[in-house]
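Residue numbers (our numbering): 98 to 526.
This is the structure:
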C-alpha cells in the first residue's frame, strides 16, 4: 500500500513590519492650497492617460476571460471528440472482425478422426506382444474448393487413420471423407488434404488465399478453429509477433513422433488444442497461414505455416488431384544476423545447408546431391528470387513444379556461383 505524501509546512514569507517613529515637519497651509489649484488645472490632461490605462485593463481582462473560456471549451471538446473517435474505432474493428468471422467461418470445418496404432506391450514374463490401440481426436480444416476439398494439418490425420468425418459451420456432418494426400512425416510442411465423397447437392464456399509474403510484424490476424475439439469455430484475434520461427512439435500424449517445422509465423492470437489445421486470416479476410502448433509452457505463443509455402501443393491437388511436392533434398537453417555470426559467415541471409545429429545436410540420391550442392553452402537466390526473412527456401521452391529446373545462387567459402538443379517429387517417407 502506498501512503499519501504529506506536504511540508511552508514558512511564512511575509516581512516583519514596524511603525516608523521618525518625526515629520508641520505642513505649510498656503503652499498646500497653491499645489491643489495647480493639480485641478492640470487634471484634464492627467485623466486622459489614466482613463486609457483603465480601458486597456478592462479590455485585457475581458479578452483573457474569453480566451480562457474558449480554451476550456476547446479542450473539453477535444477530449469528447477523442473519446468518440476511440469508441468509433473500437466499434469499427468489432464489426470488421464480426464480418470476417462470418464470411470465413462458413468455410471452416471441424475434423473428427479415428485412428489406430500398434504398440508392443510386455507380459508378466517380459515377452512383448502387439496390442492395437484406437484413439479419437479432433482438429480443424478449411474448404479450398466448392466440390469438397479440405486443407488441414498432416498430424490431424496421422498414419493409421481409419475414419474421418467433418462438420460444417451450419452443423452439417459428412462421414464419407477420404484422405487424398498428406506430406511425409519428415517433411517440414505439415499439410494434408481431405475430400468429401458426396455433398448431397450442397455447394461449399472456399476460402480466399492471401499473400503471406506481404505480412509484416504487428499486422492484425484472426484465428478460427475447433478449440479443444469441442468449441466449433472459435474466433480469436491478435497480431503477427514474428516470422521465420523454427520449432519442434509433437502432441502432448507422446503417441505421435515429433516433427521439425521451419519458417513459421509467430502469433499471439490464441491457438488452442484442436485449432490445428485452421486458417490464420488477415484483415482482408484472406488466409495467410495454417495454424499448426503452440509453445508449451507459454502464454499466447502460437505458430502458423505461411500459406505461400503451401500454395504449390494446394494447386497440385486442385488441378490434378495429386500431391506433388517440389523437392531439392537439403537440410538447412534460415540465416539471421545472429546465426551468421554463430556460424562465422559473412553472408547473413539465405538457406545455410547444415547437417544435424541424425540427418545429413544433403540427402543421398537427391536432386541436391546430383546438382553438386555441399554442406555449408548458402543458397541466396532461386531463379533470382532472394532468400531472406520473408521468403524461405521452402517458399521459393513451392513456386515451381516437380521436374522444373531452377538456377540456384550459392555462396561457397566466400565465393558466389550458380548451380542448376532439377526438382524431384518429395518422397512419401
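Even for Gly, the Cβ is constructed at its ideal location relative to N, Cα and C.
Distance CB(residue i)-CB(residue j) smaller than 9 Å
| i | j | result |
| --- | --- | --- |
| residue 432 | residue 417 | no |
| residue 346 | residue 358 | yes |
| residue 312 | residue 250 | no |
| residue 213 | residue 245 | no |
| residue 484 | residue 448 | yes |
| residue 205 | residue 238 | yes |
| residue 293 | residue 321 | no |
| residue 480 | residue 499 | no |
| residue 361 | residue 396 | no |
| residue 504 | residue 515 | yes |
| residue 428 | residue 476 | no |
| residue 382 | residue 197 | yes |
| residue 271 | residue 280 | no |
Among the options, the one whose alpha carbon lies nearest that of residue i
| i | options | result |
| --- | --- | --- |
| residue 338 | 359, 495, 287, 314 | 314 |
| residue 487 | 422, 310, 405 | 310 |
| residue 408 | 513, 422, 397, 300 | 422 |
| residue 519 | 197, 513, 502, 508 | 502 |
| residue 319 | 388, 252, 344 | 388 |
| residue 413 | 427, 192, 202, 242 | 242 |
| residue 369 | 381, 330, 404 | 330 |
| residue 267 | 201, 334, 424 | 201 |
| residue 390 | 405, 355, 415 | 355 |
Status (buried if at least 16 other CB within 10 Å, exposed otherwise) for residue i
| i | result |
| --- | --- |
| residue 195 | exposed |
| residue 141 | Note that residue 141 scores a pLDDT of 48, beneath 50, so its modelled location is shaky; the value from the coordinates is reported in the next line. So residue 141 counts as exposed. |
| residue 325 | exposed |
| residue 130 | Reliability of the predicted coordinates at residue 130 is poor, the pLDDT of 48 falling under 50, and no value is obtained from them. |
| residue 489 | buried |
| residue 227 | exposed |
| residue 231 | exposed |
| residue 506 | buried |
| residue 275 | exposed |
| residue 278 | buried |
| residue 517 | exposed |
| residue 133 | For residue 133, the predicted model reports a pLDDT of 45, less than 50, meaning its position is unreliable; a value from the coordinates is still stated below. By the 10 Å Cβ count, residue 133 comes out exposed. |
| residue 287 | buried |
| residue 328 | exposed |
Beta-ladder partner(s) of residue i, from DSSP
| i | result |
| --- | --- |
| residue 482 | 479 |
| residue 463 | Its beta-bridge partners do not exist; DSSP assigns none. |
| residue 235 | 209 |
| residue 400 | 363, 390 |
| residue 251 | Looking at the DSSP assignment, residue 251 forms no beta bridge with any residue, so it has no partner. |
| residue 384 | 306, 378 |
Cβ-heavy atom distance, residue i to the ligand PLP, below 8 Å
| i | result |
| --- | --- |
| residue 357 | Annotation note on the ligand PLP: not contained in the displayed structure, which lists no ligands. |
Quiz prompt | Inside the segment 308–364 only - alpha helix (DSSP H) runs reaching at least 4 residues | solution = none
Practice problem: Tell me the start and end of each unbroken alpha helix (DSSP H) in the segment 403–480 that is at least 4 residues and wholly inside, in chain order. | Solution: 408–417, 434–439, 464–468
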